[in-house]
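Following: one structure in structure tokens, then a few remarks.
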Ligand SMILES: *Cc1c(COP(=O)(O)O)cnc(C)c1O
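See the structure below:
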């Protein structure tokens with residue numbers, strides 16, 4: 031089954047169906063067994079030991095490869111493990127990486143850690159032009175997140191990939207915010223896509239996982255070797271939960287996006303809000319309040335939105351990057367790209383739009399006269 035034959039909604043709903051050769055189970059069978067019987071000396075069913083391969087994990091890995099137009103898929107124990115797999119699997123001591131300043135806080139912390147240990151050098155760019163200038167210097171790898179987090183700026187994957195390939199650099203895109211329904215980086219020229227499957231792909235705030243899709247024989251082989259060697263593979267039950275989550279991704283994302291657009295409109299007309307950051311696609315919205323002093327009370331007043339540190343699930347969440355997701359990025363660095371103590375980030379759930387708008391309005395309810 032290839033992407034050209036079927037639409038993505040169909041591929042998603044059908045993941046794992048027809049994978050059970052024994053009984054024809056519609057739902058993906060969950061294989062907990064860590065070891066598999068060899069049919070004879072020098073023979074294998076394709077499964078010997080579960081770190082190397084597991085039938086339930088294979089269903090998920092094949093799915094992400096197909097959905098992202100990749101040649102190979104990998105399921106890792108978390109989104110950070112997916113990033114670590116790519117960085118340590120593809121790079122050697124002393125290599126240079128070009129990346130962005132406006133990045134998931136955990137990615138920044140890991141990159142900084144690797145640099146401190148003397149593994150690689152990372153250059154952090156604010157704009158596309160800065161990325162292009164750094165690519166000219168011949169890095170080994172370019173790692174971008176688009177849209178950026180939490181400022182929602184989109185970067186041009188096709189142009190970055192074109193320029194990176196001229197100097198022989200590998201392009202890696204963190205596609206957690208958009209999912210393959212909105213953006214397929216490999217199709218635009220990138221070499222590797224990573225996901226925190228904990229977010230939209232799992233979609234229910236109940237499973238931690240990471241996914242990677244790659245193309246190019248050399249890259250595929252290096253990643254497969256690294257994952258089997260280091261062992262950050264995803265356990266079968268988590269794979270099963272993520273397969274179940276993926277099946278409804280298309281319908282969930284429709285409602286996430288509908289809710290995001292309703293909230294953007296409400297926030298843009300709200301007297302306490304200074305600025306709204308939305309790329310026009312997907313379910314993530316950031317905004318800056320005029321007065322950071324109202325944030326504590328507003329967070330306490332929310333009745334539907336939960337003040338919590340994740341995204342992409344069916345429940346609407348609100349995050350304060352200053353003290354949560356981005357606390358590990360130095361304040362001066364954050365201020366350079368507008369991430370101040372006035373910025374909040376919303377992950378819209380799949381609730382009713384009117385209820386979400388009403389909740390934000392009542393919580394950020396300040397008298398208009400205070401600000402006019
Ligand atoms: C959450 C997140 C990660 C890290 O994923 P985990 O599953 O939490 O390890 C990486 N990138 C982005 C954009 C994220 O939102």
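Residue numbers (the working numbering): 31 to 402.
Think of the CB as a built atom: it goes at the ideal place given N, C-alpha and C, for glycine as much as any other residue.
No experiment lies behind these values; they were computed from the predicted model shown.
Whole-angstrom C-beta distance between residue j and residue i, which should lie under 8 Å
i           : j           : result
residue 105 : residue 115 : Their Cβ separation, rounded to whole angstroms, is 10 Å, which puts residue 105 and residue 115 out of contact at 8 Å.
residue 297 : residue 317 : 5 Å
residue 280 : residue 39  : 4 Å
residue 295 : residue 319 : Not quite, the Cβ-Cβ distance comes to about 17 Å (not below 8 Å), so this is no contact.
residue 313 : residue 377 : 6 Å
CA-to-CA distance, residue j to residue i, given in whole angstroms
i           : j           : result
residue 224 : residue 266 : 19 Å
residue 167 : residue 195 : 13 Å
residue 393 : residue 328 : 5 Å
residue 306 : residue 107 : 34 Å
residue 41  : residue 68  : 33 Å
residue 134 : residue 74  : 41 Å
residue 465 : residue 302 : Because the chain is modelled from 31 through 402, residue 465 falls outside the range shown and cannot be assessed.
residue 272 : residue 293 : 28 Å
residue 160 : residue 51  : 52 Å
residue 242 : residue 118 : 14 Å
residue 262 : residue 388 : 43 Å
residue 333 : residue 197 : 52 Å
residue 259 : residue 231 : 26 Å
Top-ranked residue by Cα proximity to residue i, from the options
i           : options            : result
residue 148 : 134, 125, 133, 139 : 125
residue 337 : 344, 348, 327      : 348
residue 233 : 250, 53, 208       : 208
residue 86  : 258, 100, 101, 47  : 47
residue 150 : 157, 140, 333      : 140
residue 191 : 217, 177, 205      : 217
residue 80  : 215, 63, 172       : 63
residue 120 : 369, 252, 321      : 252
residue 240 : 249, 247, 227      : 227
residue 185 : 274, 197, 155, 199 : 155
residue 176 : 143, 146, 129      : 129
Residue interval of the beta strand (DSSP E) (run including residue i)
i           : result
residue 204 : 200-204
residue 394 : Looking at the DSSP string, residue 394 is not in any beta strand (DSSP E), and its letter there is neither H nor E.
residue 41  : Counting along the chain, residue 41 falls outside any beta strand (DSSP E), though it belongs to the alpha helix (DSSP H) covering 38-43.
residue 67  : Neither: residue 67 is in no beta strand (DSSP E) and is coded neither H nor E.
Range covered by the alpha helix (DSSP H) that runs through residue i
i           : result
residue 314 : Taken as a continuous stretch (DSSP letters only), residue 314 belongs to no alpha helix (DSSP H), being part of the beta strand (DSSP E) at 314-319.
residue 250 : 247-260
residue 361 : 361-366
residue 375 : Premise fails: residue 375 lies in the beta strand (DSSP E), 373-377, not in any alpha helix (DSSP H).
residue 138 : 135-146
residue 286 : 279-298
residue 96  : 85-97
residue 305 : That residue, residue 305, is in no alpha helix (DSSP H); its beta strand (DSSP E) goes 303-307.
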